[in-house]
Amino acid sequence: MLSYQHGYHAGNFADVHKHVVLTLILAYLRRKPGPLSVLDFYAGRGRYDLHSAQAAKTGEAATGIMRVLDQPWPALLDDYRDALMSVNKGVAKGTLARYPGSPLIARHAGGDEVRLTCCELHPMEFSVLAELFRPITSKPRPRVQLHRRDAFDAMIAMLPPTPRRGLAILDPSYELRDDYSAMAKALTQALKRWSTGVYLLWYPLLPDARHERMLRSIRAVAPGDTLQSELVVRKSGAGMHGSGLLVINPPYVLAEQLASLESWFATLSDLPTGQGAAGGLFAR
Ligand SMILES: C[S@@+](CC[C@H](N)C(=O)[O-])C[C@H]1O[C@@H](n2cnc3c(N)ncnc32)[C@H](O)[C@@H]1O
Numbered sequence: 019m020l021s022y023q024h025g026y027h028a029g030n031f032a033d034v035h036k037h038v039v040l041t042l043i044l045a046y047l048r049r050k051p052g053p054l055s056v057l058d059f060y061a062g063r064g065r066y067d068l069h070s071a072q073a074a075k076t077g078e079a080a081t082g083i084m085r086v087l088d089q090p091w092p093a094l095l096d097d098y099r100d101a102l103m104s105v106n107k108g109v110a111k112g113t114l115a116r117y118p119g120s121p122l123i124a125r126h127a128g129g130d131e132v133r134l135t136c137c138e139l140h141p142m143e144f145s146v147l148a149e150l151f152r153p154i155t156s157k158p159r160p161r162v163q164l165h166r167r168d169a170f171d172a173m174i175a176m177l178p179p180t181p182r183r184g185l186a187i188l189d190p191s192y193e194l195r196d197d198y199s200a201m202a203k204a205l206t207q208a209l210k211r212w213s214t215g216v217y218l219l220w221y222p223l224l225p226d227a228r229h230e231r232m233l234r235s236i237r238a239v240a241p242g243d244t245l246q247s248e249l250v251v252r253k254s255g256a257g258m259h260g261s262g263l264l265v266i267n268p269p270y271v272l273a274e275q276l277a278s279l280e281s282w283f284a285t286l287s288d289l290p291t292g293q294g295a296a297g298g299l300f301a302r
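Under our numbering, the first residue of the sequence shown carries the number 19, and numbering increases by one thereafter.
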């Protein structure tokens, strides 16, 4: 059963949080020359139309990416802004027509050395992704591979990657309650195969905090450091009140970088600032 479609949510506060961190991790990995593997296990369609019926129905981009558009953007966000602008060429200043998904952002921020592998199970999402990347995948020896396959299987079958240096992006839609325990199980296996990789796992903050047990299990098997970053945008009530990220083997600069972006992220929160963890972003 796959009913989730990211088009309803593209460019929301969670996308901004996740994609900024994605670009920061890639910028760090790029500091060392040489090829990099990026495995995007829940790739989505790659690019989203912000004027689509889906986007209009929820209006989530309006309280996400559109809110920060007029803010001053620190230089740390250059890669994220460039990826955003790359899909909005010719669009009037101060507005956006499209939002880039994680595969495009990874290609953009990872540079020429990235070997990108994407998995996506939804037939329609996969076919749009395949069409988007056709100019690259139709070339001989492309540096992008697309697979219409299950991420949980792929996390076992495709790890460790070649080259071994790189990042796995885990951005499930958590449609089933079991997805949390399935993710903890799959990550446990993945870490046995590829303990040195950087892993970026997204989770929603929901009233029943169902992510906590998953994170406890993952931390218990993580080979080294982990960094947790949460962006809380409203009081806990009905639905998702924030976005969470767990980074396994994080770049040592990431916590400090996120601390320096706190006031920029606070623009995405409806809570008053100055409430510590409640009013915006925190990392630990
Ligand atoms: C949150 S969206 C991904 C958004 C994308 N990572 C981005 O940031 O642009 C989750 C995607 O995972 C896909 N998906 C759900 N379960 C999956 C599975 N078991 N294997 C592969 N893809 C799956 C959904 O169809 C959906 O497109």
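Backbone N, C-alpha and C define an ideal beta-carbon position, used for all residues, glycine too.
Self-check item: Under the three-state DSSP convention, the category H165 falls into
Solution: strand
Exercise. Quick one: give me the first and last residue of the beta strand (DSSP E) that L279 is part of.
Key: Neither: L279 is in no beta strand (DSSP E) and is coded neither H nor E.
Practice problem: Below 7 Å CB to CB, which residues in the same chain sit around V34 once its five sequence neighbours on both sides are set aside? | Solution: G82, I83, V86 and L286
Quiz item: So, using beta-carbon positions, are D96 and A127 closer together than 7 Å?
Solution: no
Self-check item: Three-state class that DSSP yields for T214 in the structure shown
Solution: coil
Quiz item: For M232, which option in L47, G260 and A202 has the closest C-alpha, if you only look at C-alpha atoms?
Solution: A202
Exercise. Measure how close the beta-carbons of Y217 and V265 come, nearest whole angstrom, since I'm counting them as under 8 Å.
Key: 7 Å
Exercise. Rank R99, K36 and L20 by C-alpha distance to the C-alpha of Q246 and give the top, closest one.
Key: K36
Quiz item: Once you ignore the five residues that flank V239 on each side, which residues in its own chain have a CB closer than 7 Å to its CB?
Solution: T206 and L209
Self-check item: Validate contact between the region 130-138 and the region 65-79 using beta carbons, cut 8 Å, 3 pairs
Solution: no
Quiz prompt | 7 Å Cβ cutoff met for T244 and R234 | solution = no
Practice problem: Answer with buried or exposed for H69, where buried requires no fewer than 16 other C-beta atoms within 10 angstroms of its C-beta. | Solution: exposed
Exercise. Determine the direct distance from the alpha carbon of G62 to that of A295, and round the result to whole angstroms.
Key: Legend: pLDDT at A295 = 47, less than 50; position of this residue unreliable, value from coordinates given subsequently. C-alpha separation (whole angstroms): 30 Å.
Quiz item: Three-state secondary structure (DSSP) at G62?
Solution: coil
Self-check item: Beta bridge counterpart(s) of L67 as assigned by DSSP
Solution: The question names Leu, but residue 67 in the sequence shown is Asp. Beta-bridge pairing links D67 to R116.
Practice problem: If I'm right that A28 touches Y66 with Cβ under 8 Å, what's the distance once you round it to whole angstroms? | Solution: 3 Å
Quiz item: Whose C-alpha, out of H259, T214, R252 and H229, is nearest the C-alpha of G242?
Solution: T214
Self-check item: Identity of the residues DSSP links to R133 by a beta bridge
Solution: S55
Exercise. Compute the Euclidean distance between the alpha carbons of P141 and W91, then round it to the nearest angstrom.
Key: 37 Å
Quiz item: Where DSSP assigns a beta bridge to A186, which residues make up the other side?
Solution: L57 and Y217
Quiz item: Of the choices Y26, A32, L20 and Q23, whose alpha-carbon is the least far from that of L223?
Solution: A32
Practice problem: With distances taken Cα to Cα, identify the nearest neighbour of L40 among A284, V105, Q275 and L289. | Solution: Q275
Quiz prompt | In DSSP terms, what P178 is bridged to | solution = In DSSP, P178 forms no bridge with anything.
Quiz item: How big is the Cα-Cα spacing for D314 and P178?
Solution: Past the edges of the chain, shown from 19 to 302, lies residue 314, and the structure says nothing about it.
Self-check item: Close beta carbons around R99, own chain, < 8 Å, minus the five adjacent residues each side
Solution: W91
Self-check item: Top-ranked residue by Cα proximity to P268, from L20, S21, A284 and A45
Solution: A45
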